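A.B. asks: Following this message is one structure expressed as structure tokens.
This is the structure in structure tokens:
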């Protein structure tokens, strides 16, 4: 079993829909990261959180430490949100990455 | 503009050849990392360096080598011992540790001829 599991693996949405991507982990962590990988391959860090909730524009990330679960929400989705979203957890001096969720938002 | 650059964008390797991927950062970060990405898999750590002239193996270091002679530069050599080098290679940096926010370069796609 992978230490970091993401669901769904693939997600197709219509423009304007509310989107949720989930991340579960099985180990103790220092923090959880959400990353976005564009179709060209570049990766940007969206959030780093160790408790509660963070918001940036239309993106919201939440984490429940007791349940070892985090969600990334996108409100009013847009085709430019199409990307792979990656969850990663910080543990023992390293990051452990999930396999990513591929999101496609159709106009 | 501060950031991380990687070159080349595409690289072709012949049988038995060593190739070197470049990674440069002007963020004044102490720590730098090399990851390998294969289709359907999460990023895997090849090597990392937390300070100049020091580096450690990651999970999949076999067939790779690195150097860290300058703070700004962390080149990765894919040696002929790496039997399955075709992948997307990403370099990243952070202020000090891997558990902080990491900043990624645009990546190099390595293909075998």
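Chains as they are written, first to last, in the numbering used here: chain A, 42 to 148; chain B, 170 to 282.
Here a beta-carbon is modelled for each residue, glycine too, at the ideal position from N, C-alpha and C.
The model shown is predicted, which means the values in this text are computed figures rather than measured ones.
#1: Below 8 Å, how does it come out for the region 234-252 of chain B and the region 127-145 of chain A: are there three or more Cβ pairs, yes or no?
#2: Considering only DSSP beta bridges, list what residue 205/B is partnered with.
#3: Going along the region 89-106 of chain A in order, which residues come within less than 8 Å of chain B, judged by CB to CB distance?
#4: Does chain B have any CB closer than 9 Å to the CB of residue 86/A?
#5: Taking the beta strand (DSSP E) that residue 181/B belongs to, which residues open and close that run?
#6: Would you say residue 71/A faces chain B, with C-beta separation under 9 Å as the test?
#7: Under 8 Å: do the region 185-196 of chain B and the region 235-244 of chain B share three or more Cβ pairs, one atom per stretch?
#8: Name the two residues that bound the continuous beta strand (DSSP E) containing residue 101/A.
#9: Please work out which residues of its chain come closer than 6 Å, Cβ to Cβ, to residue 201/B, disregarding the five sequence neighbours upstream and downstream, and give them in chain order.
#10: With 16 other CB atoms within 10 Å as the buried threshold, where does residue 142/A fall?
#11: Which same chain residues end up closer than 7 Å to residue 75/A when comparing Cβ atoms and leaving out the 5 residues on each side of it in sequence?
#12: For residue 245/B versus residue 182/B, is the C-beta spacing smaller than 9 Å?
#13: Kindly indicate if chain A contains any beta-carbon less than 9 Å away from that of residue 254/B.
#14: Give a yes or no on whether 9 Å exceeds the smallest Cβ distance from residue 140/A to chain B.
C.D. replies: Quick look at the numbers:
#1: Counting Cβ pairs under 8 Å, fewer than three are found: no touch.
#2: Beta-bridge pairing by DSSP links residue 205/B to 213/B, 258/B.
#3: 89
#4: Cβ-Cβ to chain B under 9 Å: yes for residue 86/A.
#5: 179-182
#6: At a cut-off of 9 Å between beta carbons, residue 71/A contacts chain B.
#7: yes
#8: DSSP places residue 101/A in the uninterrupted beta strand (DSSP E) bounded by 100-105.
#9: 218, 243, 262
#10: buried
#11: 87, 88, 102, 113, 126, 128
#12: no
#13: no
#14: yes
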